[in-house]
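Comments concern the structure below.
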Amino acid sequence: MNFSHAFQGVKMICRNRQIIFFTAVCLLSTAVIQAQTYYFDNYGVAEGLSSSKVYTVIQDREDYIWLGTDAGLSRFDGVSFQNFTSENGLAEGGVYSMMQDSRGLIWLGHLDGRLSRYNGEKFEAIPILSGEIRGDITSILEDVAGNIWITTQGSGAFRLENPEVAPAEITSRHFIGGDLSDQVFASLKTRNNDIYLLTDQGVRVFNPDSSGFEALHIENLPRYFMIITMFEDSEGDLWFGTYNGGLYHYNKKTGDVTIYDSVRDGLAKNWVSCITQDSRGRMWIGTWGGGISLLEDGSFRNFDQSNGLQDLNIKCLVEDREGNMLIGTYDHGLSVFKGDHFVTFTENDGLSNPIVWAIHQDRTGKYWFGTNGGITVYDPEAAPGQQYTYYNQDNRYIENKIRFFREDRRGNIWIGTEGGGLIRYETSSQRFVNDIYLNERLYRDQIITALEIDKNNNLWIGTNEGLGYFEPSTGYIERVTQSGGLAGNLISSLYYDSGGNLWIGSQVTGLTRCVKEGDQYVFTIMPMPRNFTPVSMTEDAEGNIWIGTEKGVYVFNSDTIIRHLTENDGLLANNVNLVDHDREWNMYIGTNKGLNKYVPEKDKIYTYSRKSGFVGIETKENASFCDNDGRMWFGTVAGVTRYDPHRVADTEMEPLTHIRAMQINYQPASLIPGQKLSYRQKNIVFDYNSICLRNPDAVRYKVMLEGADDDWRPSTTQTRAIYPALSPGKYTFKVIARNSTGKWNSEPVTYRFMIRPPFYQTWWFILICVVVGISAILAYIRIREQHLKRENRILEEKVAERTAEVVQKSKELEEKNKDITDSIRYAKRIQNAILPPQESFTETFILFRPKDIVSGDFYWLARTEHKQLIAAVDCTGHGVPGAFMSIIGHNSLNKIVKEYHLDEPAAILDQLNRELILTLHQQSEDEEVKDGMDIALISIDIKTRELQFAGAYNPLYHFRNGELTEIKGDRTAIGRTVLSRPHSYTNHSLMLEKGDVVYIFSDGYADQFGGPQGKKFKYSALKNLLKEIKDKPMEEQKLILDETLEKWRGNLEQVDDVLIIGSRIN
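Structural data, given as structure tokens:
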């Protein structure tokens, strides 16, 4: 075999170094009385039953179980008992017989002849028969007319002819004498409405025509044995139980009578005390001293103390709505038989140890159980006493801790152990073989953690040190580890699927798939959740891989998790120990809290715990097996349990759910429909239940209180809902239940009630308050209105008086405002007069936009003999103050050029700084605010085309061949220094060429707010804009700059004066 590079480790060829243990011909075995134990759920005084002596059992219309005992009456809801005695209204004495009539009334026959009735709310003693009856009331029935028949063990029979009336008004007729004895043991009404009474003188039939009784004549009925019980089956045949004479079956169609005897036919005992038929048509026969016989397919199966039944003296048998058999016993209370689909094998039945890890059925039909005490082999076909064979350390056959069984194609059984490595049982020679060479080279601790056999009969062996591969035909051995492609070295499980893929689970680290490609094995780690341990794996009918983990069950398909089942979906626990399937592809999920069964066609999860017969509760890892008959076997911590899916009686009936009690302010209260509570009765508690004897642990509830809850509360096992501090309003309490089959109520059980508001929250009180309030408001408004009218008259007089004054003041203000505006406009004319005309600039544009009427920005032009001077000046402030500064600056520049004959920009700025300081008297360093100006000044030599520049804060932009050169001004404003420490401005020079474009400007354009977010335009945007338009005609540039500024500003106010001068050199 050629492995891919993923397989690492030393290759080894197995030698014939083997230790062989021969199995003795005479195998050790132990004699056992029975080979299996059935589950009976037993209830006695310790569980709350009033007495261990149960005479009669019925199930009422609401699924409650009523038990008559020698101490009174008990009612059972599947979880707890409620007991009743004479203190609750019952007549004195224990309850010996019981029946619920067509009206829903429950009739109770007591010891010593007393009679009681329960109407659903209270118990009533019936006085009419008091003192007339000698002996016990042995049975009660209702005839077709609704009359109630009472039979006694000393006074014959009575018929109550108006049983629905008050107890004191009930009338009766007494039947005794003639053909009817005073000793009546039991009664029966058939489907034909015939009434049979069983007496010490034989069976009597009531004749309605004569109103008398006649003897029943059936040939071959017992003459020497007293008939003490009688039953009509679903076919209309009659069954008779006798005192020590066995069981008789009368076939009405043929007239034949069949006798069943304990010795000849296997009846548990010839003293038959009760008879019934279950929903599957099987006959149940209770005996006195022999337990129960189940007649199925013509043969008896007996239940007694050796296989689970506690008491051999049976008083009554009743099948409930779920198919459970309720068994009233004479000394051990109530036993509930929930079906024979679960059968348990324990140490008492022959297992060598109760903890079962591995299960297998070999080709001969024998069952192999791997336990902590070695191997137990069970042969169901062997004679009693020879059914069990043991292999363990005590008889030196094999290691005690058995974990896995796998059978190869040759019928050999490979056995994985914990501490003893891998052992092979050769069926042909009936011997165990321990291959020392194989065990020593695959693992050091001799612990097998998983085992699987592929379709080529090769073994895959999980260990704590990686995965082992063994070819028995060649002796080839290989080992692969995490470095060779596994998710982890601690192998937790293995599964070989129908497609030939091997799935390898690793402890905590995840899942690996092994696929054979050609003659190589390729390992791929599957994408799984973190801390993922596959404990058990199997495959469903669709080819999906089911993986049991400590976090529930993951269903895996095509490298994808398609489903994740947890407790929220109905699992008993998230800690899953095994997953498996039967022949019908039903999936089984074993947990530490019981067993779940998933039926794909119904998409439903069924629950099996101890109460439903799965007594082992905690399953062991991978301990499951489907045998040749389609039955599932599960290893648990308390033996091995066999499950027969064909014997399951999982009913699909809805549960009967009841709201059984109510508390108001935590005190018991009656459930009166639609009752109205006061606002002080606001703390409400509801108790509810749903009776499910099949598995009460699986019952779940959802509740909702309309008016308080927006939706159903999460499902719970709680049977009480508490609603504290409810507000006044209308409420409807709703409850639904889910039984062990997963069936929810289609309609909720409801209870409506109302909490009345306090008087100050009632509609009439609120209406009165509204009317009074509106009236008070209207009165207040009326009074206030009168007061306001008086105030208005006084105010109008004052207003008229003051209006004249205001009008006069307004006229005066208008005249003053006109004077100020005229003055500003005059100042503008003065300012405009000092500005040179723009026509003086050739190939030059000037964008000049004052913020107000007059401006703090101005442009200046002067000529000397060889030079042309141009300046863009930004004075402190804007409006009138700025205009004054611009006049001072303009005059100072003219004076410097004309009087001081200066034409170099830096020298001009130095002198302008001194002039402005002297003019504004700003010679002190202590002054916090000083007026001044920012300026950009250039001079152009007309002959040499030399440009000189000096600036105070404001720069020069020079474009040549599309490239921008920025010459920055000094970071000192004009007028902001002192004469004692004058600042010398820097003179910059460059030679101009034809086509060069220069720009000087103030900061108003770049500082304008606007755009979508109301931000400044900024110098970077101005640079980009000038780059785009520099080659356009100068007037078009001016227009673009103006439109861009207007669009950017939008609806915002202009924040400063704007001045830009651009000039192209020709």
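According to my numbering, the sequence shown is numbered sequentially starting from 150.
All C-beta atoms in this analysis are idealised placements derived from N, C-alpha and C, irrespective of residue type, glycine included.
Per DSSP, what kind of secondary structure is residue i in: helix, strand or coil?
| i | result |
| --- | --- |
| I808 | strand |
| I1002 | coil |
| Q729 | Going by the sequence as given, residue 729 is Asp instead of Gln. Looking at D729 - three-state DSSP - the assignment turns out to be strand. |
| V1029 | helix |
| S178 | Because the pLDDT at S178 is just 37, under 50, the model does not fix this residue reliably, and the value given afterwards should be weighed accordingly. In the structure shown, S178 sits in coil (DSSP, three-state: anything other than H, G, I, E or B). |
| V505 | strand |
| T709 | strand |
| I840 | coil |
| Y909 | helix |
| S952 | Here the sequence assigns Thr to residue 952, which means Ser is not the residue at that position. Helix at T952. |
| M677 | coil |
| M375 | coil |
| Y479 | coil |
| N617 | A quick correction: the sequence has Gly, not Asn, at residue 617. Of the three classes helix, strand and coil, the one that applies to G617 here is strand, per DSSP. |
| A335 | strand |
| K112 | With the chain covering 150 to 1215 only, the question about residue 112 has no answer from this structure. |
| D212 | coil |
| S265 | strand |
| D858 | strand |
| K958 | helix |
In terms of residue numbering, what span does the alpha helix (DSSP H) encompassing residue i cover?
| i | result |
| --- | --- |
| M1183 | M1183 to R1198 |
| I1066 | P1054 to L1069 |
| V412 | S411 to D414 |
| Y245 | Not the alpha helix (DSSP H): Y245 falls in the beta strand (DSSP E), residues V244 to Q249. |
| R590 | I585 to L591 |
| E270 | Where E270 is concerned, there is no enclosing alpha helix (DSSP H), given that its DSSP letter is neither H nor E. |
| N1173 | Y1168 to I1178 |
Rounded C-beta distance between residue i and residue j? I'm assuming under 8 Å.
| i | j | result |
| --- | --- | --- |
| T245 | L260 | A small correction: the amino acid at residue 245 is Tyr; Thr does not occupy that position in the sequence shown. Y245 to L260, Cβ: 5 Å. Contact. |
| G269 | G258 | So it is not a contact: roughly 19 Å between Cβ atoms. |
| I299 | L329 | Their Cβ separation, rounded to whole angstroms, is 13 Å, which puts I299 and L329 out of contact at 8 Å. |
| T612 | Y592 | 4 Å |
| T478 | S484 | 6 Å |
| I674 | G719 | About 31 Å separates the two Cβ atoms, so there is no contact after all. |
| C423 | T495 | Between T495 and C423 the Cβ distance is about 29 Å, and since that is not below 8 Å, they are no contact. |
Roughly how many angstroms separate the alpha carbons of residue i and residue j, rounded to a whole number?
| i | j | result |
| --- | --- | --- |
| I169 | S685 | For I169, the predicted model reports a pLDDT of 43, less than 50, meaning its position is unreliable; a value from the coordinates is still stated below. Using only the alpha carbons, I get a separation of about 32 Å. |
| T566 | D689 | 28 Å |
| L239 | G280 | 16 Å |
| I182 | G395 | Only weak support exists for where I182 lies, its pLDDT of 36 falling under 50; the value from the coordinates is given anyway. Each residue's Cα considered, the two are about 24 Å apart. |
| Q208 | H713 | 40 Å |
| A173 | D584 | Residue confidence is low: A173 scores 36 on pLDDT, short of 50, so the model does not pin down where it sits. Its coordinate-derived value is still stated next. The alpha-carbon atoms of A173 and D584 are separated by roughly 20 Å. |
| I926 | H936 | 15 Å |
| A180 | T339 | For A180, the predicted structure reports a pLDDT of 34, less than 50, and the residue's modelled location is therefore unreliable. A value from the coordinates is still provided. The alpha-carbon atoms of A180 and T339 are separated by roughly 47 Å. |
| E1142 | G1100 | 22 Å |
| I1209 | E1014 | 26 Å |
| F355 | E733 | 52 Å |
| F152 | I653 | A caution first: F152 carries a pLDDT of 49, below 50, which makes its placement in the model unreliable, though a value can still be read off. So the two alpha carbons sit approximately 17 Å from each other. |
| Q302 | F324 | 13 Å |
| I1091 | N1215 | 11 Å |
| M677 | G523 | 36 Å |
| T899 | A818 | 17 Å |
| I344 | E716 | 53 Å |
So residue i is in the beta strand (DSSP E); what residue range does that whole segment cover?
| i | result |
| --- | --- |
| A1099 | E1095 to A1101 |
| N745 | G743 to V748 |
| N191 | F189 to Y192 |
| A818 | Q816 to A818 |
| Y1134 | It is not in any beta strand (DSSP E) - Y1134 carries neither H nor E in the DSSP assignment. |
| D117 | The structure shown does not extend to residue 117, since the chain spans only 150 to 1215, so no value can be given for it. |
Can you find at least 3 beta carbon pairs, one from the region 903-915 and one from the region 864-872, that sit closer than 8 Å? Counting C-beta pairs closer than 8 Å gives fewer than three between the region 903-915 and the region 864-872, which falls short of the contact rule.
For the region 762-782 and the region 798-813, state whether three or more C-beta atom pairs, one from each stretch, are separated by less than 8 Å. With a cut-off of 8 Å, the region 798-813 and the region 762-782 do not count as touching, because too few Cβ pairs lie within range.
When you compare the region 1167-1182 with the region 1002-1021, are there three or more beta-carbon pairs, one atom per stretch, that lie closer than 8 Å? For the pair of segments examined, the region 1167-1182 was found not to touch the region 1002-1021: the number of CB pairs separated by less than 8 Å stays below three.
Evaluate contact between the region 352-371 and the region 402-410, counting only Cβ atoms and requiring at least three cross-stretch pairs below 8 Å. With a cut-off of 8 Å, the region 402-410 and the region 352-371 count as touching, because enough Cβ pairs lie within range.
Can at least three beta-carbon pairs, one atom from the region 1115-1126 and one from the region 1058-1074, be found at a separation below 8 Å? By the Cβ test, the region 1115-1126 is in contact with the region 1058-1074, since at least three Cβ pairs between them sit closer than 8 Å.
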